[in-house]
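Residue numbers (the numbering used here): 5 to 406. Just so you know, even glycine gets a beta-carbon here, dropped at the ideal spot from N, CA and C. Since the structure is predicted, the reported quantities are computational estimates derived from the model, not experimental observations. Only one structure is covered here, and it is reproduced in the block below.
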Amino acid sequence: MASSSSSSSSHYFTFKHTFIFHILPLIFLTIPTQPAIGCYTSILGFGDSLTDTGNYLHYSISNSLTLPNYAYLPYGETYFQRPTGRCCDGRPIIDYIAQNLGLGLAPPYLGNGENNSSVNFEEGVNFAVVGASTMNAAFYREMGIENQYENFSLGVQLGWFKEMLPSLCANASSDCNKLLESSLVLMGTIGGNDYDHTLTAGISLEEVESFVPVVVNTIASTINELIELGVVTLMVPGIIPLGCTAANLAYYTNSTAEDYDPKTGCLTWLNKLSEYHNELLQIELNRIRQLHPHTTISYADYYNAAMPLYLSPAKFGFTEGALTACCGGGGPYNYNSSVSCGSPTVTSCDDPSLYVNWDGLHYTEAAAKWISEGLLFGPYTIPPLNTSCVSVAVTAESSNYD
Numbered sequence: 005m006a007s008s009s010s011s012s013s014s015h016y017f018t019f020k021h022t023f024i025f026h027i028l029p030l031i032f033l034t035i036p037t038q039p040a041i042g043c044y045t046s047i048l049g050f051g052d053s054l055t056d057t058g059n060y061l062h063y064s065i066s067n068s069l070t071l072p073n074y075a076y077l078p079y080g081e082t083y084f085q086r087p088t089g090r091c092c093d094g095r096p097i098i099d100y101i102a103q104n105l106g107l108g109l110a111p112p113y114l115g116n117g118e119n120n121s122s123v124n125f126e127e128g129v130n131f132a133v134v135g136a137s138t139m140n141a142a143f144y145r146e147m148g149i150e151n152q153y154e155n156f157s158l159g160v161q162l163g164w165f166k167e168m169l170p171s172l173c174a175n176a177s178s179d180c181n182k183l184l185e186s187s188l189v190l191m192g193t194i195g196g197n198d199y200d201h202t203l204t205a206g207i208s209l210e211e212v213e214s215f216v217p218v219v220v221n222t223i224a225s226t227i228n229e230l231i232e233l234g235v236v237t238l239m240v241p242g243i244i245p246l247g248c249t250a251a252n253l254a255y256y257t258n259s260t261a262e263d264y265d266p267k268t269g270c271l272t273w274l275n276k277l278s279e280y281h282n283e284l285l286q287i288e289l290n291r292i293r294q295l296h297p298h299t300t301i302s303y304a305d306y307y308n309a310a311m312p313l314y315l316s317p318a319k320f321g322f323t324e325g326a327l328t329a330c331c332g333g334g335g336p337y338n339y340n341s342s343v344s345c346g347s348p349t350v351t352s353c354d355d356p357s358l359y360v361n362w363d364g365l366h367y368t369e370a371a372a373k374w375i376s377e378g379l380l381f382g383p384y385t386i387p388p389l390n391t392s393c394v395s396v397a398v399t400a401e402s403s404n405y406d
């Protein structure tokens, strides 16, 4: 698979030249609004396992399925002292964003049974699900790929939101539009599974690159629908450096030396795929801003917020490095897809805060904290969220991003 990266690089760099002329207007057109203190009353989350706060776990329980590996310790050990369905030892990025904005942790939509009657959705709700893709099952079936998470695509999550909206508005203590206007939507991260699943299924890199615009357009269409429903503030993440995850590094062990970035040890061709997606996404967000000038749409640059951790892990306290998983089944990156973290035979590292990677696919709580601070206090959210909405002060360590 890695060998195909060279033949596709020309597509990427041709795009890079075109991108410069499209993205420059972003600087002039993305002027941040000035929300008041306490401007967000709730957070609504969409996306995949980097954002899920328990939806797939509750889905498994409700449908009497075998519980996923993240239903067991050491998942959740650092903050919750128990597994919560989060693919982390503690809090993922959405939790840090919520807490920094003075909000509670957004409960999973599927976490409270039929009609979710016991959840106070006015305080937030999370629709993200482990394994979720942007594209629906029909898209992958056309390529001969069966997706075990086909019931949780971005379109399905949007459908859940629409189903919930009447009850949310009926129970709102104020006007429904005002409720939506005071909510922050975290649209992702979403898209990484569309690429990881197809590449590992044997689809060529060239073909995967060809449908990146379709994935991005689907995200944009979802954003447009949310705006039509009354949402006015969205934080839209790009995807992370896919070439830096322990899972991908372990999977593409047939890669040659030229496939790796000498500065980070990450797979260059796979990171270029992430960059291509993120650049197309920014162009599309700029178009949506022009169509909906009353909205605030911030691009959350997860990729570049995470990259300093790979370039200089020790600078951020990750003395065990950035590429090896804290909890895993062995091998050069401590990742084995046959023996997952949470399995009885797998032991976790003593101190997850010394690692960037938690289980091969996801960040440790410590890494999520750094990325969140880079988004909220650093240069990685464009336009930035107004700091009057942030309830905690910048820590001294945040200067490491400078």
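Alpha carbons only, please: which of the options is nearest the one belonging to residue i?
i	options	result
residue 371	146, 314, 301	314
residue 354	375, 343, 332	332
residue 98	211, 54, 115, 284	54
residue 48	185, 62, 348, 145	185
residue 268	320, 51, 248, 95	248
residue 334	326, 345, 325, 324	345
residue 93	75, 147, 362	362
residue 153	136, 78, 388	136
residue 222	394, 191, 61	191
residue 202	138, 114, 373, 326	138
residue 338	228, 255, 250, 82	250
residue 387	304, 342, 341, 322	304
residue 145	74, 66, 207, 238	207
residue 59	82, 84, 73, 88	88
residue 56	45, 44, 115	115
residue 219	235, 234, 194	194
residue 383	169, 257, 321, 308	308
residue 131	151, 148, 109, 385	109
residue 359	51, 327, 265	327
residue 349	376, 310, 198, 73	73
residue 82	389, 356, 380, 376	356
residue 288	244, 157, 240	240
residue 140	173, 198, 96	198
Between which two residues does the alpha helix (DSSP H) containing residue i stretch?
i	result
residue 376	369-380
residue 143	141-145
residue 310	306-315
residue 4	Lying outside 5 to 406, the shown extent of the chain, residue 4 is not represented and no answer is given.
residue 75	It is not in any alpha helix (DSSP H) - residue 75 carries neither H nor E in the DSSP assignment.
residue 83	Counting along the chain, residue 83 falls outside any alpha helix (DSSP H), and DSSP gives it neither H nor E.
residue 136	Counting along the chain, residue 136 falls outside any alpha helix (DSSP H), and DSSP gives it neither H nor E.
residue 102	97-104
residue 59	59-66
Decide if residue i is buried, meaning its Cβ has at least 16 other Cβ atoms within 10 Å, or exposed.
i	result
residue 181	exposed
residue 336	exposed
residue 276	buried
residue 366	buried
residue 62	buried
residue 90	buried
residue 293	buried
residue 67	exposed
residue 85	exposed
residue 368	buried
residue 133	buried
residue 246	buried
residue 281	buried
residue 323	exposed
residue 69	exposed
residue 128	buried
residue 373	buried
residue 260	exposed
residue 252	buried
residue 392	exposed
residue 31	Any reading at residue 31 needs caution, since the residue's pLDDT is 31, under 50, leaving its predicted position unreliable; the model's value is listed next. Residue 31 should be labelled exposed.
residue 232	exposed
residue 342	exposed
residue 376	buried
residue 389	buried
Got a sec, what are the start and stop residues for the beta strand (DSSP E) residue i sits in?
i	result
residue 188	187-191
residue 392	Element bounds for residue 392: n/a, residue is neither H nor E.
residue 47	46-50
Could you round the C-beta distance between residue i and residue j to whole angstroms and report it? I think they count as a contact, below 8 angstroms.
i	j	result
residue 216	residue 284	6 angstroms
residue 300	residue 235	Wrong, their Cβ atoms sit about 10 angstroms apart, outside the cutoff.
Quick one: is the Cβ of residue i within less than 8 angstroms of any heavy atom of the ligand ATP?
i	result
residue 278	The model depicted lacks the ligand ATP and carries no ligand whatsoever.
- Can you list the beta strand (DSSP E) stretches of 3 or more residues lying completely in the segment 191-253, in chain order? Complete beta strand (DSSP E) runs here, min 3: 237-241.
- Those runs of the alpha helix (DSSP H) which lie wholly inside the segment 320-360 and span at least 4 residues: If you keep only unbroken alpha helix (DSSP H) runs of at least 4 residues inside the segment 320-360, you get nothing at all.
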